[in-house]
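A.B. asks:
There are 2 protein chains.
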Amino acid sequence: MPLGQNYDRQDCALARALEVVGERWTLLVLRDCFFGVRRFADLRAHLDIPRAVLSERLAMLVDAGVLERRNYAPGRDEYVLTDTGLDLWPAVFSLARFGDRHLVGPGGGRRRFRHADCPAGGADLAAGAVCPACGTLPAPSSLETRLLDGTGQTPRDDAVSLSLRRPHRLLTPLP
Amino acid sequence: MPLGQNYDRQDCALARALEVVGERWTLLVLRDCFFGVRRFADLRAHLDIPRAVLSERLAMLVDAGVLERRNYAPGRDEYVLTDTGLDLWPAVFSLARFGDRHLVGPGGGRRRFRHADCPAGGADLAAGAVCPACGTLPAPSSLETRLLDGTGQTPRDDAVSLSLRRPHRLLTPLP
DNA sequence: AGGTTCGGTTCGGTGATTGAACCGAACTGC
DNA sequence: GCAGTTCGGTTCAATCACCGAACCGAACCT
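Protein sequence lines, in the order shown, are assigned to chains A and B. Residue numbering for the first sequence follows the numbering used here, starting at 1016 and increasing by one per position. Residue numbering for the second sequence follows the numbering used here, starting at 1016 and increasing by one per position.
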């Protein structure tokens, strides 16, 4: 219950959205899902999020229809974005773009998203998650992401971070 | 300190953004700023947010360069979006659109945004805050908003809510 | 059997959020 | 000049969420 309470009386779609994705960690979990992270342990390794909190957030997202829990092997679960969840892409991208443009210092590991399946040759996404080459809003599955300048800081060295450092297509499971 | 902590070691612009706008209430405050709300008392009346929290959030947003505090009369302050703050529009719109499409029930007061200054005649914004008529991403100042179907619930009756219920242009101060 | 991985739950301690009370400066009515 | 109100806060105790560490059951490995 993040904002819950008296927000029933607010005629506001934003409040509804924040009740689902507005809690601490939630949007970072979803970002990783867009990047192809699917497993509980991988999310934990990459985010340093307490188990109990990750467990609760995943349950809430599944309950809200944003993620789907698949038991692809006994004892090995996968959390995958639903069609509803994929609709969060413009929001996730827009927030990340804001951080990239206004808050990331030099050496801060900027990330780009490129429309790989673009009929016009493709280009890095611009404001609103729009491809400047073809003018459309590409589905996350047709995007490639890569990291630009190497970070000045000592980077994380867990396996998930290493995977995410290499160029790859969104939504495809990590190797 | 919302997500602060060990996020320095994350090469992630989204984490940076969430450190500024990821705390409870912050995005709702900014939504109201886009709608033209500028005064401390108006934000309080509309959001039912505790004074101490609003005070702290405004200070943080001013500190982050998202809002500017103007003392337009002694004892009457105004908080206005900076150019940096205006860059949050695609994120705010995208989250609100997600809530509108997937979480708002019937009678839930849907809100539309129309490109009033559109050379192609204008239309309601589509995904990514893009105007479908001219294909651009309009600045918030060239947008008009209005509420569709009346809400089924008992609506709020404070002065700010009444103002926001009438069609108006974004960023223009409330009457 | 013994050990490991996975996806959790439980627990005490810490930190943030809440609502109510209080406060000083400025304007309003008279 | 004085009472009352508005505005934008701060302070405070109680509550709630988050944190990190420990524990747990099921499945697999050897």
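Quick reminder that beta carbons are idealized off the backbone N, C-alpha and C, glycines included. All of these numbers come straight from a predicted model, not from anything done at the bench.
Taking 9 Å as the threshold (beta carbon to beta carbon), is G1051 of chain B in contact with chain A?
C.D. replies: No, G1051 of chain B lies away from the interface with chain A (no Cβ there is under 9 Å from its Cβ).
A.B. asks: Verify the CB distance criterion: does A1079 of chain B have a CB-CB separation below 9 Å to chain A?
C.D. replies: Cβ-Cβ to chain A under 9 Å: yes for A1079 of chain B.
A.B. asks: Looking at the secondary structure, which residues open and close the beta strand (DSSP E) in which T1160 of chain B lies?
C.D. replies: Unbroken beta strand (DSSP E) run through T1160 of chain B: 1158 to 1162.
A.B. asks: Start and end of the beta strand (DSSP E) containing D1092 of chain A?
C.D. replies: It spans 1091 to 1096 - the beta strand (DSSP E) in which D1092 of chain A sits, taken as one unbroken run.
A.B. asks: Just to confirm before moving on: does the CB-CB distance between L1082 of chain B and Y1094 of chain B stay below 9 Å?
C.D. replies: Contact: yes.
A.B. asks: Determine contact between the region 1054 to 1061 of chain A and the region 1132 to 1147 of chain B, defined as no fewer than three beta-carbon pairs at a distance below 8 Å.
C.D. replies: No, the region 1054 to 1061 of chain A does not touch the region 1132 to 1147 of chain B.
A.B. asks: Have a look at P1089 of chain A and R1161 of chain A and give me their C-alpha separation to the nearest angstrom.
C.D. replies: In a straight line, the C-alpha of P1089 of chain A is about 33 Å away from that of R1161 of chain A.
A.B. asks: Determine the burial state of R1112 of chain A: buried for a count of at least 16 other Cβ atoms within 10 Å of its Cβ, exposed for fewer.
C.D. replies: By the neighbour-count rule (16 or more Cβ atoms within 10 Å), R1112 of chain A is buried.
A.B. asks: Determine the closest residue to L1076 of chain A out of A:L1043, A:R1091, A:F1108, A:L1189, with distance taken between C-alpha atoms.
C.D. replies: Among A:L1043, A:R1091, A:F1108, A:L1189, the Cα nearest to that of L1076 of chain A is on A:L1043.
A.B. asks: Hey, out of A:A1032, A:W1040, A:R1054, whose CA is closest to A1174 of chain A's CA?
C.D. replies: Nearest of A:A1032, A:W1040, A:R1054 to A1174 of chain A, Cα basis: A:R1054.
A.B. asks: Using 8 Å for Cβ pairs, my map puts R1072 of chain B next to L1118 of chain A. What's the rounded Cβ distance?
C.D. replies: About 17 Å; that fails the 8 Å criterion.
A.B. asks: Is the beta carbon of R1084 of chain B closer than 9 Å to that of L1131 of chain B?
C.D. replies: Checking the displayed sequence, the identity of residue 1131 of chain B turns out to be Ala instead of Leu. For A1131 of chain B and R1084 of chain B, no; Cβs fall outside 9 Å.
A.B. asks: So the candidates are A:S1156, A:G1136, A:G1137; which of them puts its Cα closest to the Cα of L1096 of chain A?
C.D. replies: Residue A:S1156 is the option with its Cα nearest to L1096 of chain A.
A.B. asks: Grouping DSSP H, G and I as helix and E and B as strand, with all else coil, what is R1274 of chain A?
C.D. replies: Chain A is shown from 1016 up to 1190; residue 1274 of chain A falls before or after that span and cannot be answered.
A.B. asks: With a cut-off of 9 Å, does the C-beta of D1139 of chain B fall near any C-beta of chain A?
C.D. replies: Cβ-Cβ to chain A under 9 Å: no for D1139 of chain B.
A.B. asks: Show which residues of chain B have a CB atom less than 8 Å away from the CB atom of P1147 of chain A.
C.D. replies: Result: empty, since nearest Cβ-Cβ is about 11 Å, beyond 8 Å.
A.B. asks: If we require 3 or more residues per run, which beta strand (DSSP E) segments fall completely within the region 1109 to 1139 of chain A?
C.D. replies: Runs of the beta strand (DSSP E) inside the region 1109 to 1139 of chain A: 1126 to 1130.
A.B. asks: Mind listing the chain B neighbours of V1068 of chain A? Cutoff is C-beta to C-beta under 7 Å, in chain order.
C.D. replies: Result: empty, since nearest Cβ-Cβ is about 12 Å, beyond 7 Å.
A.B. asks: Any idea what DSSP makes of V1107 of chain B, helix, strand or coil?
C.D. replies: Of the three classes helix, strand and coil, the one that applies to V1107 of chain B here is helix, per DSSP.
A.B. asks: Under the assumption that R1125 of chain B contacts D1115 of chain B (Cβ atoms under 8 Å), give the Cβ distance between them as a whole number of angstroms.
C.D. replies: Rounded, the Cβ-Cβ distance is 6 Å, consistent with contact.
A.B. asks: Within the same chain, show all residues whose beta-carbon is closer than 8 Å to that of A1142 of chain B, passing over the 5 residues directly before and after it, in chain order.
C.D. replies: Same-chain partners within the cutoff: S1109, R1112.
A.B. asks: For F1055 of chain A, would you say it is in contact with chain B, using Cβ-to-Cβ distances shorter than 9 Å as the test?
C.D. replies: False, the Cβ-Cβ gap to chain B never drops below 9 Å.
A.B. asks: Closer than 7 Å by C-beta to V1068 of chain A: which residues in its own chain qualify, once you throw out the five before and the five after it? Chain order, please.
C.D. replies: Answer for V1068 of chain A: W1040, listed in chain order.
A.B. asks: Could you tell me whether the Cβ of T1099 of chain B comes closer than 9 Å to any Cβ of chain A?
C.D. replies: It does; some Cβ of chain A falls within 9 Å.
A.B. asks: Between the Cα of A1106 of chain A and the Cα atoms of B:P1190, B:V1036, B:T1187, which residue gives the shortest distance?
C.D. replies: Of B:P1190, B:V1036, B:T1187, the residue nearest in Cα terms is B:V1036.
A.B. asks: On a Cα-Cα basis, can you pick out the residue from B:T1151, B:L1163, B:T1099, B:G1120 that is closest to F1049 of chain B?
C.D. replies: Nearest of B:T1151, B:L1163, B:T1099, B:G1120 to F1049 of chain B, Cα basis: B:T1099.
A.B. asks: Should L1179 of chain B and R1046 of chain A be called a contact, given that it needs their Cβ atoms to be closer than 9 Å?
C.D. replies: It is not a contact, given that the beta carbons lie outside the stated cut-off.
A.B. asks: Give me the DSSP bridge partner(s) of V1145 of chain B.
C.D. replies: Looking at the DSSP assignment, V1145 of chain B forms a beta bridge with B:A1141.
A.B. asks: Check the Cβ of P1134 of chain B against every Cβ in chain A and list those closer than 8 Å, keeping chain order.
C.D. replies: Those do not exist, as P1134 of chain B stays about 16 Å from chain A at its closest Cβ, beyond 8 Å.
A.B. asks: Quick one: give me the first and last residue of the beta strand (DSSP E) that L1082 of chain A is part of.
C.D. replies: Per DSSP, L1082 of chain A belongs to the beta strand (DSSP E) from 1082 to 1088.
A.B. asks: Assign P1182 of chain B to one of two classes, buried (16 or more other C-beta atoms within 10 Å of its C-beta) or exposed (fewer than that).
C.D. replies: So P1182 of chain B ends up on the exposed side.
A.B. asks: Anything in chain A within Cβ reach of V1119 of chain B, meaning under 7 Å, just list it in chain order.
C.D. replies: The answer, in chain order, is A1028, R1031.
A.B. asks: Could you tell me which chain A residues have their CB closer than 7 Å to the CB of V1175 of chain B, listed as they occur along the chain?
C.D. replies: Those within 7 Å of V1175 of chain B in chain A number zero; the least Cβ separation is about 11 Å.
A.B. asks: Of all Cβ atoms in chain B, is any one closer than 9 Å to the Cβ of S1156 of chain A?
C.D. replies: S1156 of chain A does not count as touching chain B.
A.B. asks: Between the Cα of S1176 of chain A and the Cα atoms of A:D1063, A:E1038, A:C1027, which residue gives the shortest distance?
C.D. replies: Checking every option, the nearest Cα to that of S1176 of chain A belongs to A:D1063.
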